[in-house]
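In the UniProt record's numbering, the protein residues as written are 1 to 696. Everything below concerns the one structure shown next.
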Amino acid sequence: MAFIYSPKSLIEIEKGFNKKFSFSASSHQLPNPQVIFTEERWEVPVLQKKKDAFNNVRSKLNNVFLKSWHQHTELCNPAQRIFYTVQKEYQPEFLSQAWMKFYELLSSYPLIPDKAVEGGRLGSVHLCEAPGGFISALNHYLQSNHNIKWNWLANSLNPYYEGNSLFSMVSDDRLVKHALENWCFGIDYSGDILSKTNAASIIEDFKKKTENPILLITADGGIDCQNDPKEQELHISPLICAEIILAMQVLSPGGSLVIKMFTLFECESVCALYLLRCSFESLHVCKPISSKGGNSEVYVVCCGYKGHQYIEPWLPQLLSCYNMKKSKKVMFPLSEIPEKFLQECVSCAHFFADMQISVIDENLTNYETGMNKKKADSLLEAKNAVAVEFTSRFNISPTFKRIAPAATSVTMSTLSSVKRRENCTFNDWEVRNEKSLKCCLDDLNDCLKRYSKVSFDPISIRVFPVPSEDLVITNGLPIKELGSSKFCTGNILKHKIKLKNFVTPRSSNQEERLKYFSSLISSMPISSTLDIADCYKDEKNYSVCKECAIPLVLERLSTMQVGESLLVIGMRLWTQFDVGIFYLLSSIFSKVEILPPHWDCFAVYFQDYEPKQEICDYLMSLKSKSVKNIVSLLPVSYLLESEFFSSIIASNDRFLINNLKQVYEVLLTKKDQLDAAKAFYEYLCDLSDSDDSSDG
Numbered sequence: 001m002a003f004i005y006s007p008k009s010l011i012e013i014e015k016g017f018n019k020k021f022s023f024s025a026s027s028h029q030l031p032n033p034q035v036i037f038t039e040e041r042w043e044v045p046v047l048q049k050k051k052d053a054f055n056n057v058r059s060k061l062n063n064v065f066l067k068s069w070h071q072h073t074e075l076c077n078p079a080q081r082i083f084y085t086v087q088k089e090y091q092p093e094f095l096s097q098a099w100m101k102f103y104e105l106l107s108s109y110p111l112i113p114d115k116a117v118e119g120g121r122l123g124s125v126h127l128c129e130a131p132g133g134f135i136s137a138l139n140h141y142l143q144s145n146h147n148i149k150w151n152w153l154a155n156s157l158n159p160y161y162e163g164n165s166l167f168s169m170v171s172d173d174r175l176v177k178h179a180l181e182n183w184c185f186g187i188d189y190s191g192d193i194l195s196k197t198n199a200a201s202i203i204e205d206f207k208k209k210t211e212n213p214i215l216l217i218t219a220d221g222g223i224d225c226q227n228d229p230k231e232q233e234l235h236i237s238p239l240i241c242a243e244i245i246l247a248m249q250v251l252s253p254g255g256s257l258v259i260k261m262f263t264l265f266e267c268e269s270v271c272a273l274y275l276l277r278c279s280f281e282s283l284h285v286c287k288p289i290s291s292k293g294g295n296s297e298v299y300v301v302c303c304g305y306k307g308h309q310y311i312e313p314w315l316p317q318l319l320s321c322y323n324m325k326k327s328k329k330v331m332f333p334l335s336e337i338p339e340k341f342l343q344e345c346v347s348c349a350h351f352f353a354d355m356q357i358s359v360i361d362e363n364l365t366n367y368e369t370g371m372n373k374k375k376a377d378s379l380l381e382a383k384n385a386v387a388v389e390f391t392s393r394f395n396i397s398p399t400f401k402r403i404a405p406a407a408t409s410v411t412m413s414t415l416s417s418v419k420r421r422e423n424c425t426f427n428d429w430e431v432r433n434e435k436s437l438k439c440c441l442d443d444l445n446d447c448l449k450r451y452s453k454v455s456f457d458p459i460s461i462r463v464f465p466v467p468s469e470d471l472v473i474t475n476g477l478p479i480k481e482l483g484s485s486k487f488c489t490g491n492i493l494k495h496k497i498k499l500k501n502f503v504t505p506r507s508s509n510q511e512e513r514l515k516y517f518s519s520l521i522s523s524m525p526i527s528s529t530l531d532i533a534d535c536y537k538d539e540k541n542y543s544v545c546k547e548c549a550i551p552l553v554l555e556r557l558s559t560m561q562v563g564e565s566l567l568v569i570g571m572r573l574w575t576q577f578d579v580g581i582f583y584l585l586s587s588i589f590s591k592v593e594i595l596p597p598h599w600d601c602f603a604v605y606f607q608d609y610e611p612k613q614e615i616c617d618y619l620m621s622l623k624s625k626s627v628k629n630i631v632s633l634l635p636v637s638y639l640l641e642s643e644f645f646s647s648i649i650a651s652n653d654r655f656l657i658n659n660l661k662q663v664y665e666v667l668l669t670k671k672d673q674l675d676a677a678k679a680f681y682e683y684l685c686d687l688s689d690s691d692d693s694s695d696g
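Below is the structure:
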């Protein structure tokens with residue numbers, strides 16, 4: 001069916017679907033391996049000049065309110081209705097901007113090699129992939145276009161490793177938890193590919209687990225650069241280098257690679273592009289229409305990999321990329337980059353920067369002057385036309401084979417998301433980030449009233465039996481400081497993490513804690529009481545804390561008799577290890593309750609000891625192990641079981657709220673910090689504001 005578009009719509013379609021640049025065919029060769037990472041950074045003057053001009057344009061946004069700006073740019077985005085149209089008509093699994101971007105790339109370039117189509121087998125690897133939009137898009141595309149036996153593997157920062165920071169990780173685990181066997185987090189369990197040792201173990205996992213030739217790799221990594229957006233490209237370059245080097249060790253000859261990059265002004269980007277140009281038959285750069293025009297991301301598309309044997313002579317030196325950030329050496333000397341290729345890099349960088357500048361300027365003009373009805377109507381017509389063109393051009397059709405259960409849903413708790421503060425200008429946000437807490441807050445007045453409605457009744461715990469084959473210890477990198485947790489609401493934990501260096505709450509003592517918790521269960525039998533709260537005083541070394549606490553718990557358990565009860569004060573339920581211990585303990589008592597929290601900790605009442613030999617033996621085996629390296633005691637699926645999971649989140653959240661209120665009281669007692677205390681009261685108010693911000 002042919003569609004007739006208005007002139008305005010045709011212009012938007014032409015612009016939006018043709019943000020592409022192709023490097024010319026060439027016989028470029030990589031330089032002598034001995035020159036790799038030997039010289040200091042260099043600059044291309046014309047690219048630095050463009051970077052300065054680009055940042056000057058972007059600086060115009062410094063005094064624009066972030067939240068309203070993001071709303072405005074979303075309104076002005078010609079591709080805005082693509083998501084709605086695709087969702088309504090085709091209901092893809094895990095539809096997102098990432099899904100739409102990758103579907104366009106799959107439809108625009110020969111990313112599925114002929115050998116995969118002819119052989120009917122495809123293996124794909126997806127780096128920095130969470131939450132899984134590229135995988136879902138590929139699943140949809142293959143079902144619609146090819147009869148191929150496909151298996152996939154993926155990597156991201158592990159949302160279940162609590163040493164990873166909430167601020168640097170995508171914690172949406174909907175696809176991860178339903179396909180854990182497909183995800184490779186490496187020997188240290190973190191998923192970090194910037195660690196040379198961990199990256200090597202991830203490579204081995206990919207090679208062992210793949211069923212088909214790996215002929216497609218994607219790398220969609222990013223780093224939060226809100227603190228220094230002008231140098232986004234420099235901050236991301238170590239990750240891009242690590243992604244490329246990892247991909248080249250896994251990809252089969254003839255395979256394709258898609259990698260996200262940002263602007264292309266720096267020598268690191270030029271070198272990365274040259275490495276890719278020499279290692280693949282063709283090299284393209286594309287900004288998909290569903291990628292917001294005002295941001296800097298582009299996707300580098302590489303087809304026809306020359307193979308591991310081609311790159312092998314350079315690999316030992318290329319692995320020096322893991323030291324690049326410290327040494328500040330660059331991959332290739334400027335003298336080794338052919339002039340023709342350098343000119344193409346300049347043309348490419350200018351092409352995409354000019355488009356981004358144009359979008360920012362146009363959006364800013366509309367923001368300042370407003371949009372009249374004629375312009376708004378014309379834009380709406382263009383949005384509808386772009387959405388229709390997207391679905392027809394890329395021949396999207398419904399599919400039925402899903403990766404995860406159809407009932408998979410999103411909740412704030414399971415995603416442990418972090419809300420970005422946007423009700424300020426960028427300059428305000430930057431100042432608040434640099435100065436004391438009192439500069440970081442807005443005037444909100446009613447949050448503690450909401451907290452007063454939170455139930456503080458005891459929480460009963462129910463667990464399922466654990467078969468012996470699931471009693472498996474997983475080791476990983478010891479957690480120094482708690483950076484994240486699936487077992488509480490991310491927005492609340494974020495404030496605890498950010499405030500730990502701002503004020504230290506007063507500590508309670510054992511007598512005070514015992515008096516408080518004993519009063520809550522005065523009518524219940526208590527055979528034994530164990531207080532481990534003091535073990536967790538050093539929050540900057542969590543692994544040492546659990547090495548102190550867990551032996552005490554196990555020692556007390558070993559002395560208990562059938563039918564006895566135990567009150568444990570100061571248990572922590574932040575990590576997989578913590579919650580795993582708690583889950584196993586809960587399975588050997590007939591009744592378990594998490595008591596209403598003290599401001600300093602909470603306690604668990606275990607009633608009627610019913611020892612199960614297998615569980616007890618497993619727990620006691622920990623006495624002879626170094627628990628600081630243990631990150632998990634049983635599959636995370638047990639801990640994410642809905643009723644149990646919800647109970648743990650509720651317990652942790654109400655403890656955090658109590659703890660943050662106490663921090664406020666500490667500040668209030670310090671006259672010289674009175675203003676900060678008032679501001680912190682408002683900061684607490686912000687915790688209850690659950691409005692999601694738009695992703696500008």
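Heads up, the beta-carbon is just placed ideally off N, CA and C, and yes, glycines get one too.
Under a 10 Å Cβ-count criterion, Ile11 is classified as exposed, with fewer than 16 other Cβ atoms of the shown protein chains found around its own Cβ. Comparing alpha-carbon positions, the option among Lys292, Pro110, Met169, Pro467 lying closest to Glu129 turns out to be Met169. In the structure shown, Lys401 adopts coil according to DSSP, grouped into three states.
Residue range 542-558 is occupied by the alpha helix (DSSP H) that includes Ser558. Excluding residues up to 5 positions away in sequence, Val604 lie with their Cβ nearer than 6 Å to the Cβ of Met571 in the same chain. Within 10 angstroms of the beta-carbon of Lys260 lie 16 or more other beta-carbons, which makes it buried. Taking C-alpha positions only, Leu142 is separated from Ile311 by approximately 30 Å. If you look at Ser282, you'll find it in the beta strand (DSSP E) that goes 280-286. Listed as beta-bridge partners of Arg121 by DSSP are Lys149.
Excluding sequence positions up to five before and after Ser107, its CB lies within less than 8 Å of the CB of Tyr141, Arg393, Phe394, Asn395, all in the same chain and listed in chain order. In the structure shown, Lys260 falls within a strand segment according to DSSP collapsed to helix, strand and coil. In the DSSP assignment, Ser528 falls within the beta strand (DSSP E) that extends over 528-531. For Ala219, there is no enclosing alpha helix (DSSP H); the enclosing beta strand (DSSP E) has its first and last residue at 214-219.
By the neighbour-count definition (other C-beta atoms within 10 Å, threshold 16), Phe456 is an exposed residue.
In this structure, the alpha-carbon of Leu175 lies about 6 Å from that of Ala404.
Restricting attention to Leu557, Ile473, Glu336, Leu633, the CA atom closest to the CA of Ala272 is found in Glu336. Assignment of beta-bridge partners to Leu127 by DSSP yields Ala219. With respect to the C-alpha of Arg513, the residue from Lys498, Met524, Pro525, Thr529 having the closest C-alpha is Thr529.
For the stretch 591-652, the full-length beta strand (DSSP E) segments reaching 3 residues or more read 603-609, 630-632 along the chain. Distances from the alpha-carbon of Met248 to those of Leu275, Lys230, Gly293 put Leu275 closest. Taking all protein chains shown into account, Gln607 has 16 or more neighbouring C-beta atoms within 10 Å of its C-beta and is therefore buried. Closest in alpha carbon position to Phe21, among Glu389, Ile193, Ala349, is Ala349.
Taking each of Tyr516, Gly294, Lys515, Asn629 in turn and checking the Cα distance to Trp69, the smallest one comes out for Gly294. In the structure shown, Thr474 falls within a strand segment according to DSSP collapsed to helix, strand and coil. The straight-line gap separating the alpha-carbon atoms of Ser156 and Ser320 is approximately 22 Å. Closest option to Glu43, judged by alpha-carbon separation, among Ser269, Ala53, Leu194: Ser269. Cα atoms of Pro92 and Arg402: separation of roughly 9 Å, rounded to the nearest angstrom. With respect to Glu481, Glu564 sits apart: the two C-beta atoms are not nearer than 8 Å.
Judged by their CB atoms, Tyr109 and Cys303 are nearer to each other than the 8 Å cut-off. Non-local beta-carbon contacts of Ser290 in its own chain, meaning distances under 8 Å to residues more than five positions away in sequence, involve Ala79, Ile82, Phe83, Gln97, Met100, Lys101, Glu104, Phe390 in chain order. Only residues of its own chain outside the window of five on either side were considered, and among them Asn198 have a CB closer than 6 Å to the CB of Asp192, listed in chain order.
For Cys76, DSSP records no beta bridge to any residue.
Taking 8 Å as the cut-off, the Cβ atoms of Ile4 and Val125 do not count as close.
Relative to the Cα of Thr474, the nearest Cα in the group Cys267, Met524, Leu493, Asn629 belongs to Asn629. For a cut-off of 8 Å, the C-beta gap from Leu584 to Asp470 is around 11 Å, too long to register as a contact. In terms of Cβ geometry, Gly255 and Ile203 do not form a close pair [threshold 8 Å].
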